[in-house]
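Those protein sequence lines, which keep their order, are chains A and B. Letter by letter, the first sequence follows residues 124 to 234 of my numbering. Letter by letter, the second sequence follows residues 13 to 125 of my numbering. Ideal Cβ placement from N, Cα and C applies to all residues, glycine included. Computed from a predicted structure; not experimentally measured. What follows is a set of notes on a single structure, which appears directly below.
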Amino acid sequence: GAGVSQSPSNKVTEKGKDVELRCDPISGHTALYWYRQSLGQGLEFLIYFQGNSAPDKSGLPSDRFSAERTGGSVSTLTIQRTQQEDSAVYLCASRQEGTQYFGPGTRLTVL
Amino acid sequence: GENVEQHPSTLSVQEGDSAVIKCTYSDSASNYFPWYKQELGKRPQLIIDIRSNVGEKKDQRIAVTLNKTAKHFSLHITETQPEDSAVYFCAASKDNAGNMLTFGGGTRLMVKP
């Protein structure tokens, strides 16, 4: 079946602009995660959605970052007033009973 | 919270040799330990995982060992091939469902032909 998909694959924006990144999880997966991966670095947890529960936002680096998950499926990560240090690959993952499956990521470049 | 340390950060081996990557974790309640492989420009993919009720698990050329007392686990790749070249991430979770994974910093493995 279809895996996790993300869009856009690449996003170039100017400092100070807002961006929205989209994640389509695997159908039926109740858990969804956002991670950030800076160049050559590890995976930094950002936010976690599980079913209808309140999301775990403990990894969001600042109040410029927010995420929504509508209808328990698609999720959008929004970064307001982007800064150059926000440049990274943003990875989404969905999970059902154990394994987290990652999407291809969105490479964000803030000029 | 949980802290996962991974070593080495880079590893270069000759094709056919074995490679070992080690991770330590801080939270003794952790009981699920997956390993992900990320090829250049690709998404991380699960290659093997182990739960705390076993000490070793094998899948062809890949094995993972777990020492709960010492709070460390290792990935072993035998008969390495150039296609094994990638970044490998270990992770730990406190629940067997893998709800919240804490990742290590990654190991860049280079297999020289």
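| Check | Outcome |
| --- | --- |
| As assigned by DSSP and simplified to three states, the class of residue 50 of chain B | strand |
| DSSP state of residue 147 of chain A mapped onto helix, strand, coil | strand |
| Sufficient close CB pairs (3 or more, under 8 angstroms) joining the region 64–75 of chain B to the region 14–24 of chain B | no |
| Interfacial residues, the region 127–148 of chain A to chain B, with Cβ spacing under 7 angstroms | none |
| Beta strand (DSSP E) segment containing residue 160 of chain A, residue limits | 154–160 |
| Per-residue burial, residue 135 of chain A [other beta carbons within 10 Å of its own, 16 or more giving buried] | exposed |
| Any non-hydrogen atom of the ligand SAH within 7 angstroms of residue 30 of chain B CB | Ligands are entirely absent from the displayed structure, and the ligand SAH is therefore not among its contents. |
| With 16 other Cβ atoms within 10 Å as the buried cut-off, status of residue 30 of chain B | exposed |
| Three-state secondary structure assigned by DSSP to residue 95 of chain B | helix |
| Euclidean distance between Cα positions of residue 224 of chain A and residue 28 of chain B | 30 angstroms |
| For residue 180 of chain A, the nearest candidate out of A:208, A:173, A:169 and A:228 (CA to CA) | A:169 |
| Partners in chain A for residue 58 of chain B, counting only beta-carbon separations shorter than 7 angstroms | 222 |
| Residues sharing a beta bridge with residue 122 of chain B, DSSP | B:24 |
| Residue 205 of chain A to residue 137 of chain A span [Cα, whole Å] | 8 angstroms |
| Near-chain B residues of the region 193–217 of chain A - C-beta to any C-beta below 9 angstroms | 214 and 216 |
| Short CB-CB distance (under 8 angstroms) between residue 165 of chain A and chain B | yes |
| Span separating the alpha-carbon of residue 40 of chain B from that of residue 199 of chain A | 34 angstroms |
| Any 3 or more C-beta pairs closer than 8 angstroms across the region 216–223 of chain A and the region 152–161 of chain A | yes |
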